[in-house]
Amino acid sequence: MHDRGGWPTDAPIDRSEHELADWELLTDALLGALAGRGLMNVDQLRRGIESMPPDAYERASYYERWLFSIETRLAEEGVLAPGELDARLAT
Amino acid sequence: MSYRPGQRVRVEAREHAGHHRTPAYLKGKTGTVERVYPAFRNPETRAYGDDGLPKQPLYLVGFAQRDVWPDYGGHVDDRLYADVFEHWLQEAQ
Chain A
1 MHDRGGWPTD APIDRSEHEL ADWELLTDAL LGALAGRGLM NVDQLRRGIE SMPPDAYERA
61 SYYERWLFSI ETRLAEEGVL APGELDARLA T
Chain B
101 MSYRPGQRVR VEAREHAGHH RTPAYLKGKT GTVERVYPAF RNPETRAYGD DGLPKQPLYL
161 VGFAQRDVWP DYGGHVDDRL YADVFEHWLQ EAQ
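One line per chain: the protein sequences are A and B, in this order. The opening position of the first sequence corresponds to residue 1 in our numbering, with each subsequent residue numbered one higher. The opening position of the second sequence corresponds to residue 101 in our numbering, with each subsequent residue numbered one higher.
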């Protein structure tokens with residue numbers, strides 16, 4: 001999913017605000033920590049988000065897209081083994 | 101080449117398969133340089149782990165909304181502003 005801007009739509013703009021949940025704040029901090037270690041930068045974050053399957057992109061919230069990209073990046077870097085997160089979540 | 105405020109520039113219409121920050125709806129459109137920013141590391145290479153050097157000059161470019169959207173129905177003076185890297189711009193005739 002790349003270059004979404006400017007696509008025609010009749011859907012109304014969602015202008016609602018919400019308090020950030022703890023996991024969203026942690027996700028933001030996680031990117032900062034990874035950037036501080038030189039493991040990930042904002043352009044890699046964006047590139048990872050653009051690599052999402054279009055239907056997953058449309059369903060995901062803002063920080064869910066960040067999480068997808070961070071996981072992609074950490075798998076690329078070998079910090080996470082394939083399937084490691086899913087295995088941990090299953091226990 | 102570099103550009104100066106007030107100069108007319110056209111956003112290049114070329115394809116670019118990888119990550120880039122030039123929106124499709126501006127490709128091929130002509131606008132006016134409003135502001136010259138400093139140069140920044142290139143996100144197109146930085147997105148793949150490169151250092152993004154050499155830095156690329158960045159410009160604030162203003163477009164008439166009616167030039168961007170064929171059926172624009174808003175005010176004739178409405179404008180759209182976007183940050184565009186120098187390597188996506190060419191001098192407009």
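All residues carry an ideal CB built from backbone N, CA and C; glycine is no exception.
For residue i and chain B, any beta-carbon pair shorter than 9 Å?
| i | result |
| --- | --- |
| residue 71/A | no |
| residue 2/A | yes |
| residue 50/A | yes |
| residue 5/A | yes |
| residue 47/A | yes |
| residue 14/A | no |
| residue 28/A | no |
| residue 10/A | no |
| residue 43/A | yes |
Note down the Cα distance separating residue i from residue j, rounded to an integer number of angstroms.
| i | j | result |
| --- | --- | --- |
| residue 139/B | residue 46/A | 20 Å |
| residue 184/B | residue 131/B | 11 Å |
| residue 91/A | residue 141/B | 42 Å |
| residue 10/A | residue 101/B | 41 Å |
| residue 122/B | residue 37/A | 28 Å |
| residue 93/A | residue 66/A | Limits of chain A in this structure are 1 at one end and 91 at the other, which puts residue 93/A out of reach. |
| residue 124/B | residue 172/B | 17 Å |
| residue 49/A | residue 174/B | 32 Å |
| residue 168/B | residue 3/A | 15 Å |
With distances taken from CA atoms, which of the options is nearest residue i?
| i | options | result |
| --- | --- | --- |
| residue 6/A | 158/B, 126/B, 145/B | 126/B |
| residue 150/B | 19/A, 50/A, 44/A | 44/A |
| residue 177/B | 170/B, 163/B, 107/B, 155/B | 163/B |
| residue 113/B | 129/B, 161/B, 148/B, 106/B | 129/B |
| residue 117/B | 1/A, 39/A, 14/A | 1/A |
| residue 74/A | 15/A, 20/A, 35/A | 35/A |
| residue 78/A | 55/A, 26/A, 40/A, 29/A | 40/A |
| residue 51/A | 27/A, 32/A, 76/A | 76/A |
| residue 137/B | 167/B, 156/B, 106/B | 156/B |
| residue 31/A | 42/A, 22/A, 21/A | 42/A |
When you compare the CB positions of residue i and residue j, do they come within less than 9 Å of one another, or not?
| i | j | result |
| --- | --- | --- |
| residue 135/B | residue 189/B | no |
| residue 85/A | residue 64/A | no |
| residue 68/A | residue 81/A | no |
| residue 104/B | residue 192/B | no |
| residue 160/B | residue 186/B | no |
| residue 57/A | residue 24/A | no |
| residue 276/B | residue 143/B | In the structure as shown, chain B starts at 101 and stops at 193, and residue 276/B therefore has no counterpart that could be examined. |
| residue 20/A | residue 14/A | no |
Can you find a CB in chain A that lies within less than 9 Å of the CB of residue i?
| i | result |
| --- | --- |
| residue 152/B | yes |
| residue 149/B | yes |
| residue 124/B | yes |
* If contact means a Cβ-Cβ distance below 7 Å, which residues of the segment 114-147 of chain B contact chain A? -> 119, 123, 124, 125, 143, 146, 147
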